[in-house]
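Protein chains in written order, with my numbering: chain A, 23 to 139; chain B, 1331 to 1449.
Step one of this worksheet: look at the structure below.
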Amino acid sequence: AQKITQTQPGMFVQEKEAVTLDCTYDTSDPSYGLFWYKQPSSGEMIFLIYQGSYDQQNATEGRYSLNFQKARKSANLVISASQLGDSAMYFCAMRGGWNTGFQKLVFGTGTRLLVSP
Amino acid sequence: EAGVAQSPRYKIIEKRQSVAFWCNPISGHATLYWYQQILGQGPKLLIQFQNNGVVDDSQLPKDRFSAERLKGVDSTLKIQPAKLEDSAVYLCASSLDPLAGVPERDTQYFGPGTRLTVL
Chain A
23 AQKITQTQPG MFVQEKEAVT LDCTYDTSDP SYGLFWYKQP SSGEMIFLIY
73 QGSYDQQNAT EGRYSLNFQK ARKSANLVIS ASQLGDSAMY FCAMRGGWNT
123 GFQKLVFGTG TRLLVSP
Chain B
1331 EAGVAQSPRY KIIEKRQSVA FWCNPISGHA TLYWYQQILG QGPKLLIQFQ
1381 NNGVVDDSQL PKDRFSAERL KGVDSTLKIQ PAKLEDSAVY LCASSLDPLA
1431 GVPERDTQYF GPGTRLTVL
């Protein structure tokens, strides 16, 4: 079965600093995808970044980068130069392959990030 | 490009009443998902449609929940009768092509959600 673990219930960071949000996963599928979503207080889930299990390079999208360590089964999100608008819940999610329900997203419990001025 | 639309945004009902939620996916997206997000948890998939057929409804409480996507576009999720534990945010998402295996086509995009409170 697929499982996503986010061990940090809350994180604090000062504006303009970088922050790393942890995510570890477990799956028996050789092919899978890892996603990070942001959920502001308004409730909408906003797609941030994607990493495929066969991707050789770590994914980057603007200020977001994904530190993918396949052997450790970790997919940490790094936000550089934090902004006040980054305050939100952040969810790590995994899409399995054919063995575990292709296209089904399994989410972690989330990390609440608070950016202070 | 318009995003995923959901209505209503908020709903308060008493237990044993019925409620329905509506979702309109991004134009051209073949796959539609309904998730339930209980406070303090990540979203949990309830049902997945590919066009107007059900792909996965293994976690849908079928004794009280039902969903349909009649013309392969918009969808409704119904709860009848509601229980206190159904209080949650119900999120709809859509993706272009779930079998593509490339992020541009299989990433799921979410709507704003419907916050349901059952009293």
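Think of the CB as a built atom: it goes at the ideal place given N, C-alpha and C, for glycine as much as any other residue.
From the beta-carbon of GLY1383/B, no residue of chain A is found nearer than 7 Å; the closest lies around 14 Å away.
Of the candidates SER138/A, ARG134/A, ALA115/A and LEU135/A, ALA115/A places its Cα closest to the Cα of LEU127/A. Contact check for ASN1382/B and LYS1408/B: beta-carbon distance about 16 Å, past the 8 Å limit, so the pair fails to qualify. In this structure, the CA atom of THR1361/B is about 19 Å from the CA atom of LEU56/A.
Boundaries for GLU1344/B: no beta strand (DSSP E) harbours it, and the DSSP string shows neither H nor E there. Around the beta carbon of GLN1378/B, 16 or more other beta carbons lie within 10 angstroms, which makes this residue buried. Of all residues in the segment 94-120 of chain A, the ones placed with a Cβ closer than 8 Å to any Cβ belonging to chain B are PHE113, ALA115 and ARG117, in chain order. With a cutoff of 9 Å on beta-carbon distance, PHE113/A and GLY1372/B are scored as near each other.
Excluding sequence positions up to five before and after SER75/A, its CB lies within less than 6 Å of the CB of SER53 and TYR54, all in the same chain and listed in chain order.
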